[in-house]
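S.K.:
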Amino acid sequence: MLGIDDGKGHYVVVRCSSRQEAERWRRALETHTVEDFTSQYVQPWPMPTNPTLLRDTIIVDIGSASIRAGVLASQATLPQVFIPSVMASGREGRGQVWGMDALAPDVRASSSLTFPIRPTHKISKYSVDLSAVSSLLQKAFAELKVDPKNYHIQLSVPRVLNTNTQAELLRVLFDKFSVRSINLTHQSILALYAYNATSGIVVDVGERMDIVPVIDGYIVDGGVSRVPYGGYRILDHLRQFLYMRNISCINEVESYIIRQVLENICYCAHHYNTEKARCTKNPENFEKSVSLAEYCTKDWPYESISLDFGRFQATEGLFNPDAWGLDHPGLHKLVHKAIMECSMDIRKEMSRSIFLAGGVTQLPGLVDRLTTELDNLTPPAIRPKVHASPYRYHAAYIGACVLAESPAFTQSRITQEDWNKHGNSTLRNWVKCGETEENWFDVTSAVCQDVVHPAIKEPFVYVVQEAEVEISSGGGRGYLASQTTRAASHHCSESLAQHNGHSLQPNVSTDTTTTTDQLTSVDTNTTEELQKHHNAQVQYTLNTKATLPRLLRS
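So, in structure tokens, the structure goes:
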């Protein structure tokens, strides 16, 4: 006899006819109840010293506060170049300096600092100085000691960059650097690849917050949330606490010092009100200092900074925006919204597939707080799981390494010849969508945006690279039930369970060819359901509208 406890008040007893049968059931149940989440994320390897292990591809991750770059190796690595996205423009026409060199005291004394890829305060807008970005790319290539004209480029960009800006980035790389080919991919999709997944909720918190639900590489547009605050708002509140201690931090360089405070002593409280009451009663127990002796100058005479209440109050706005004076849902509510925008039959899987990216997610206590808050929002039968790779600071870069090693990279990149011949229209290579039933859907493309099929009245089947993909009718619209590139190699058919706007139920295929992209869970209410799901691959039909940036620098 076996007992199954879900930790939420539900208990199931499985009676077996023999000890051997009980042992078989125990092993079967453990495949669903014992999870090694540490094996799910990609672990980067050290950069090889043998040049023969390097590929002819350069990974470039363009973020609002930093640029990461490196030459692709046989295994995913951390970036070789990691520079701030900052430019120092000399006064009176004295020239420009980029990256860390722009922050040097002698340079700053005679220059003004600008950030060419910084998001604006509007939710969906980025301000991009393409001339400065070109210079930053040139510096990155110079530090890599490579000639870009001999390389392919895997480019990672924020999803909110519009098509015109993306086209101008391609123009810079093709016309100025003469690269061989380019594949452009959104950072949210790449963050999933860093977790060996193609479906889940990406929670990217850097200078801003981006919550993106992705199913088989396609973004569920209705569940996307882009919030123009995040790390910089935390810095603003930390700055207020420092003012209370007579420490003034005004210019951009001093904000980097505040980041040191944030990285070293700040955290997210598990229960804010309880933590606040304890701190009010014994503030000395919460006070902690960070040494800043290495930054001491005549303009910055402080050797250390101490905080107590501000350590957790400055970050509370992530979950309770009222603390920042904002009227906006907290991080946990945005994640819950992303889950609820997915089809009903996959919400359980999506709630257990929450993947963190960005430097702010490295704050101590954030994972536990997010898990607890989501647990309070979901039904008792669902237990949310937040995945936090120790390398999530570079999640998009690591995911770009994974993608650049896959066949999809070769299939979807744009070559110099294509660019010279077709110009901006080559961007359509990343979005291939049929207009009629005779057309084909290309689901192997590394980047897909706004893929929606015209209205259909009855379900029908497309064949995509030997995989049957069913289109279901829902509310008069037809939506693509996509398969990942790795899953598309075997035959998988899906049947229509319900239609006319209702959710579809999952089909169980006896094909045991499984991939790490797909998470399976089991309803332990009955032994029949357990046996049905054991060693089976669950495929889902998507019936919702599907459309395909270390800290504050993602």
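Start counting the sequence shown at 54; every next residue gets the next number (the numbering used here).
Just so it is clear, CB atoms sit at the ideal spot from N, CA and C, and this is done for glycine as well.
Within the same chain, show all residues whose beta-carbon is closer than 7 Å to that of Glu435, passing over the 5 residues directly before and after it, in chain order.
M.R.: The identity of residue 435 in the sequence shown is Ile, whereas the question assumes Glu. Counting only Cβ-Cβ distances below 7 Å, and skipping sequence neighbours, we find Lys401 and Ser404.
S.K.: Enumerate in chain order the residues of its own chain whose CB-to-CB distance from Leu107 is below 6 Å, with the five nearest sequence positions on each side excluded.
M.R.: Val124 and Ala126
S.K.: Evaluate His205 with the Cβ neighbour count: other Cβ atoms within 10 Å of its Cβ, from every protein chain shown; 16 or more gives buried, anything less gives exposed.
M.R.: So His205 ends up on the buried side.
S.K.: Going by DSSP in three states, Ala185 sits in which element: helix, strand or coil?
M.R.: helix
S.K.: Helix, strand or coil: how does DSSP classify Gln73 here?
M.R.: helix
S.K.: For Phe168, which of helix, strand or coil comes out of DSSP?
M.R.: coil
S.K.: Please classify Asp269: does DSSP put it in a helix, a strand, or coil?
M.R.: coil
S.K.: Look at the Cβ atom of Ser70, then the Cβ atom of Tyr248, and state whether they are nearer than 8 Å.
M.R.: Going by beta carbons, Ser70 and Tyr248 fall outside the 8 Å limit.
S.K.: State the DSSP-derived secondary structure class of Ser119, mapped to helix, strand or coil.
M.R.: strand
S.K.: Looking at the strands, I want to know which residues DSSP matches up with Ala126.
M.R.: Leu107
S.K.: Would you give the residue range spanned by the beta strand (DSSP E) that Gln207 belongs to?
M.R.: Gln207 -> beta strand (DSSP E) spans His205 to Val210.
S.K.: Just to confirm the assignment: which complete alpha helix (DSSP H) runs, minimum length 4, are found wholly within the stretch 327-406?
M.R.: At a cut-off of 4 residues, the continuous stretches assigned as alpha helix (DSSP H) that sit fully inside the stretch 327-406 are 363-366, 384-393 and 400-404.
S.K.: Indicate the three-state DSSP secondary structure (helix, strand or coil) for Ser278 in the structure shown.
M.R.: For Ser278, the three-state secondary structure derived from DSSP is strand.
S.K.: Within a Cβ cutoff of 7 Å, which residues of the same chain sit near Lys198, ignoring the five residues on either side of it in sequence?
M.R.: none
S.K.: What's the gap between the Cα of Tyr285 and the Cα of Cys319?
M.R.: The alpha-carbon of Tyr285 is positioned some 14 Å away from that of Cys319.
S.K.: Going by CA-CA distance only, name the one from Arg364, Leu345, Gln133 and Gln93 that's closest to Pro101.
M.R.: Gln133
S.K.: Nearest by alpha-carbon distance to Ile111: which of Ala122, Ala118, Phe168 and Gly370 is it?
M.R.: Ala122
S.K.: With DSSP collapsed to three states, give me the class of Asn609.
M.R.: In this structure the chain extends from 54 to 607, so residue 609 is not present and cannot be described.
S.K.: Starting from Ile57, trace the beta strand (DSSP E) both ways and give me its first and last residue.
M.R.: Leu55 to Asp58
S.K.: Quick check: Asp114 and Ala376, are their CB atoms within less than 8 Å of each other?
M.R.: Against a cut-off of 8 Å, the Cβ pair of Ala376 and Asp114 comes out as no contact.
S.K.: So, with DSSP's three-state summary, where would you put Ile311?
M.R.: helix
S.K.: Taking DSSP's pairing of strands, which residues face Phe462 in a bridge?
M.R.: Per DSSP, none; premise fails for Phe462.
S.K.: Please state whether the Cβ-Cβ distance between Thr468 and Ser234 is less than 8 Å.
M.R.: yes
S.K.: Are there three or more Cβ pairs, one per stretch, closer than 8 Å when the stretch 318-336 is compared with the stretch 360-376?
M.R.: yes
S.K.: If you compare alpha carbons, which of Glu307, Glu340 and Cys321 is closest to Asp352?
M.R.: Glu307
S.K.: Drop a sphere of 10 angstroms on the beta-carbon of Asp380, count the other beta-carbons inside from all chains shown, and report buried for 16 or more, exposed for fewer.
M.R.: exposed
S.K.: For the ligand HEM, any of its heavy atoms closer than 7 Å to the Cβ of Gly62?
M.R.: Among the ligands in the structure shown, none appear at all, so the ligand HEM cannot be discussed.
S.K.: Express the C-alpha separation of Ser278 and Val417 in angstroms, rounding to a whole number.
M.R.: In the sequence as presented, Val is not what sits at residue 417; that position holds Pro. Distance between the alpha carbons of Pro417 and Ser278: 23 Å.
S.K.: Leaving aside the five residues before and after Leu345 along the sequence, list all residues of the same chain whose C-beta is less than 7 Å from its C-beta, in chain order.
M.R.: Ile310, Gln313, Tyr355, Glu356, Ser357 and Ile358
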